[in-house]
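In full-length UniProt numbering, the protein residues as written are 1 to 936.
Written below as structure tokens is the structure these notes are about.
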Amino acid sequence: MSGVRVVRGPDWDWGDQDGGEGFVGTVVWQEEGSGKATVQWDTANRHSYCCGYGGKYDLRVLDTAPAGVQHEGWSCNWCPVSPITGTLWRCVHCPRYSLCSQCYHSGKHCLEHQFQRLDTPDSHRPNSVRVGSRMVARRVESQGIFTGAAVMRGADWRWEDQDGGIGCQGKVSAIEGWEKTSFRSVAHVMWAHSQVLNLYCIGHNGMVDLQCVKPASGGLYYPEHLPVLGEESSDMNEGELRTGDTVRVELDPGEFKSAQEGHGGWEDFMAEYIGCDGVVQAIHYSGDVVVRYKNGVSLEVNGQCLSKVEGNSFQCGDAVRVSDDMTLVHQLQDGHGEWADDIALSLGQVGRVMKVKANGDIRVAVNGSRWILNPKCLSPAPGETPIEERTGELHVDLAVRIQTLSLSEAGCPDLVVVAAAGGDLDTLTKYLRYHPEHVDTVYEGKTAVHTAAMEGYLPIIKLLISHRANLNKKNEGELTALQLCVIVNSAEGAKLLVGGGADPNVGDDRGITPLARAAALGYLEVVKLLLDHHRTNPNKQDCQGSTPLHRAIVNHQLQTMIALLNAGADPTIPNHSLHNCMHRAAALGFLAGVEELMKWHPDLINKAKKDGFTPLHMAAVSGHTDIVSLLLSHPSCEVNVDDTDGLTSLHLAAHGGETAMLERLVGYGADLNCATREGNTALHFTLARKNMAAPSPLSPHILEVKKELDQLCGQDILQPEVVVGVFLVREGAKVHAANRLGLHPLTLQPPDVVQLFTRYSTAVDSRPPFHGTLRQKVGPFADICPKTPHKQLKVVETSSSSTISSTPPTASLPPTSPLPTSPPLPSSSSSLPPMTPVPTSTSGVDRSVNEYTSQVRCSPTGKTSTHMPNWQLLVPLTLLEEVVNIIKLCPVCLKNKADVTRGACRKDHHRLCRVCAARSSSVCVLCSSVVLRAPE
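See the structure below:
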């Protein structure tokens, strides 16, 4: 399609016609079915290229926004872009988490997570393209006509001497869209001669008015993750599921549970089906899949969690073909023989299966080398012959080598490796007796100690150590023998190597140490063995800045994580993305890991990154409600902490359309009217959404509002964002809060919605608010966190009144901070005699009950409240109980004496005064938000 911005593609063979890798051009003409496209490069060159012609694809699509592609109803979860224009990127691991192209290519969200690429608005999940992790993907800097570039008139110039004449230059001040027909398709240029700002096409309607004199950077991009111009969508349908397909869930329990939110729900027994094969029974339009397992159980599973099982069963001697997708193979090799650069020479080649290992990995002889490969990297190649067999270069079998070799010969040092690979201890012992200098001989990229470690031949390892083999030498995959022992989970082999002098801190080509690899794989015995060695550094960082503790957390390995913490691992160390271990655990939904870190390092709970994101932000933006609840159960966790842009967790939940998360934060007392730097509140973000998650049992209070609105307006008439907005208004959100542009949340809403919100904003709700009530519940950290100290109170009976006196506790405690004073409330009934004043004290909590009750019943703004708001936290609940019990006060108004002949609250039957007992919707301070009843 004309107007799309492109870069060089997989079959590029045209030198620097484009200006060099990363330079951008615009498709100005493409005849359908021709297989060719004409590109106007920003550097002024204009040529025709293949986009399917002759089976060649010269170009990749960088941005389709200039051609008018946009995804209505989809917003970026990282930046304020809505709707997303160009390519939409959806996270496979995090439900309803999407990024725009700018955020995706700039490395936002978790780099280890895979994404699905949606190129057009109708690319539903089955037709989307799943790309690999960005962690190991190559990035290139885009260059051309971007903000800051120096430009002059170009090929499609038609504006006379608006630029000052031929050869005159200007500077691009901004890139924008043209109305609502194209996006990022026009450039604002300030011309040097006149200092006049004008607008010019760089893709709009397939026209390019400018050419680049001095290019500017357009940011980095992942070339292998971009679509190929002209490539048929058959590769998109390669992973499409159909009824009858065999599928399998290959996520860890935490990721599986998180992905199920809003997609069939979660039950704990579902974890038992991870790794089990099932058959697809039905596929819903939403992408959810009904899978039936062998025991007859059927589960509704998020389609993004399923991998198709091809059913390949390889045996020794089978001909197989290695995948030609380097990114995929690189990713699949992690933990399955690992990646080596020379594997790239075998991609797409036919080899033969030499051995099927117990863990399912395949040893393949291909292209003159032998590799241990993940079976997912292979496909059957029946009838094809490996090239080495066709040329007669097949390696001689071990038994033949041994039979034909004279041990006294000096010309066959590779026998050391061959004998070690075959586990032939006798032959190896005899050979090394004659030729000990060959102990470190390299054959096919590895030494004998590498082979013995990988196969777990302990006697051979001992023999090689006794002959002073170099234990720290790396094979062609940059792995030491100790690394190989960790990969095969051989604790005994690792013990021999470490005891023999192997350095436990030597990393692979990515800097991953044996300890980090063992921690990530969950090999607890190996981790403990390595940590017991005095030379092991538990905080060694790899090339990504990740420590072994980071690696354990990413893979949800709780036991190895605890072992590392016990050994002194530091969870405060940030990786290169500035994530400490608490940030990673919160972002990935590792509930047990977060709880463990909160016990070890509670100071990390509010630790912010450079951008101001705390663990609470990370959990909120990733949709992990259980993590948010756990964090906020700790008294030190700040629910309203904001980042450098003024965004709180509530803003992120509202912007991301996470209904359950939003309700949870409201329950924990999040400030509903807190504004960002731009002045936007949670209500602004909520009503701006177009794909807010529908209320569910996970958000019961919002679901209750929906049922009420359905009765008022009709079943399912109102959009979910309106329902959520009404919930926020009922809890105290202001509908007329204007942002910096002067826009309030209702500015763009239709009249009927405005009328609805006006009604709810002015109505007096008799029901107690939900806001802040979850904070009053005892959390898992109540027993280990310091509580607010206060003096013990006792009653001293006098002839005239009951006086409160103070008795210091046995341990010396700091004085209680003075409470803010507010005028006492007027008496709830003029007919009741005033309460006898109690003598006051000038410090601590030795004050009159009247003073306490006036403070307790007054909100921080000085306005009285008829419900139970956050101001209850101003006074410890135990102190309120003492005051109520001693003076026999009514626990609702805290002014009048309780009447034993009148009503009592429902929960703990606290006695009320006559006035409060006559009401139908009062709230007992001591029982949270319990509705009281009138006497029978």
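By construction, the Cβ of each residue, glycine as well, lies at the ideal position given by its N, Cα and C atoms.
Practice problem: Pick out the complete beta strand (DSSP E) segments inside the region 250–326, 3 residues or longer, and give them in chain order. | Solution: 277–283, 288–293, 298–302, 306–308, 319–322
Exercise. Answer with buried or exposed for Glu255, where buried requires no fewer than 16 other C-beta atoms within 10 angstroms of its C-beta.
Key: buried
Exercise. Keeping to the same chain, check which residues put their C-beta closer than 7 angstroms to that of Ser234; ignore five residues upstream and five downstream.
Key: Bear in mind that the predicted position of Ser234 carries a pLDDT of just 37, short of 50, making it too unreliable to give a figure here.
Quiz item: By Cβ distance below 6 angstroms, which residues in the same chain neighbour Trp14 in space, the five residues on each side in sequence not counted?
Solution: none
Quiz prompt | 8 angstroms Cβ cutoff met for Ser185 and His204 | solution = yes
Practice problem: Could you tell me the distance, in whole angstroms, from the CA atom of Val129 to the CA atom of Asp508? | Solution: 31 angstroms
Quiz item: Do Phe590 and His556 have their C-beta atoms within less than 8 angstroms of each other?
Solution: yes
Quiz prompt | Start and end residues, beta strand (DSSP E) containing Ala37 | solution = 36–41
Practice problem: Grab the span of the beta strand (DSSP E) containing Gly351 for me, first residue to last. | Solution: 350–356
Quiz item: Would the region 526–537 and the region 550–564 be scored as touching if the rule is three or more Cβ pairs under 8 angstroms?
Solution: yes
Quiz item: For the 8 angstroms Cβ check, are there 3 or more pairs between the region 668–678 and the region 64–72?
Solution: no
Self-check item: Which listed residue (Gly230, Gly348, Leu588, Asn580) has its alpha carbon closest to that of Ala608
Solution: Asn580
Quiz item: Taking the continuous beta strand (DSSP E) assigned at Lys473, which residues delimit it?
Solution: Neither: Lys473 is in no beta strand (DSSP E) and is coded neither H nor E.
Quiz item: Is the region 164–171 close to the region 217–224, with three or more CB pairs under 8 angstroms?
Solution: no
Quiz item: Skipping 5 residues on each side, what residues in its chain have a beta carbon closer than 6 angstroms to that of Ile512?
Solution: Asp542
Self-check item: Segment limits, alpha helix (DSSP H) that includes Leu703
Solution: 700–713
Quiz item: If you scan the UniProt repeat "ANK" (611–634) from start to end, which runs of the alpha helix (DSSP H) of 4 or more residues do you find wholly inside it?
Solution: 615–622, 625–632
Quiz prompt | Run of the alpha helix (DSSP H) containing Ala187, from where it starts to where it stops | solution = Run containing Ala187: none in the alpha helix (DSSP H); it sits in the beta strand (DSSP E), 182–191.
Self-check item: Proximity of Tyr49 and Asp42 at Cβ, strictly below 8 angstroms
Solution: no
Quiz item: Pairing CB atoms from the region 259–266 with CB atoms from the region 297–305, are three or more of them under 8 angstroms?
Solution: yes
Quiz prompt | Through-space distance from Ser133 to residue 1024, alpha-carbon basis | solution = Look at the range of the chain in this structure, 1 to 936, and you will see that residue 1024 is not part of it.
Quiz item: Nearest-angstrom Cα distance between Val7 and Gly25?
Solution: 6 angstroms
Quiz prompt | Local Cβ density within 10 Å of Asp288, reported as buried at 16 or more and exposed below that | solution = buried
Self-check item: For Val196, the three-state DSSP class (helix, strand or coil)
Solution: coil
Quiz item: Quick one: is Gly623 buried, meaning 16 or more other Cβ sit within 10 Å of its Cβ, or exposed?
Solution: buried
Quiz item: Is the Cβ-Cβ distance between residue 980 and Val208 less than 8 angstroms?
Solution: Because the chain in this structure spans residues 1 to 936, residue 980 falls outside the shown range and cannot be described.
Quiz item: How would you write the range of the beta strand (DSSP E) that Leu118 sits in, first residue to last?
Solution: 115–118
Self-check item: Nearest-angstrom Cα separation, counted from Phe757 out to Lys863
Solution: Caution applies to Lys863, whose pLDDT of 33 falls short of 50 and renders its modelled position unreliable; the value that the coordinates give is listed next. Distance between the alpha carbons of Lys863 and Phe757 is about 23 angstroms.
Exercise. Could you spell out where the beta strand (DSSP E) holding Ser142 opens and where it closes?
Key: 140–144
Practice problem: State the DSSP-derived secondary structure class of Glu525, mapped to helix, strand or coil. | Solution: helix
Quiz item: Which of the three DSSP states, helix, strand or coil, is assigned to Gln169?
Solution: coil
Exercise. Report, in whole angstroms, the separation of the C-beta atoms of Leu378 and Val322, which I expect to be a contact under 8 angstroms.
Key: 6 angstroms
Quiz item: DSSP puts Ala502 in a beta bridge; with which residues?
Solution: None, per the DSSP bridge assignment.
Exercise. Helix, strand or coil for Arg390, going by three-state DSSP, please let me know.
Key: At Arg390, the pLDDT of 49 sits below 50, so the modelled position is not reliable and the matter cannot be decided from this model.
Quiz prompt | Counted within 10 angstroms of its Cβ, other Cβ atoms place Gln315 as buried (16 or more) or exposed | solution = exposed
Quiz item: Quick one: what does DSSP say Phe727 is sitting in, helix, strand or coil?
Solution: helix
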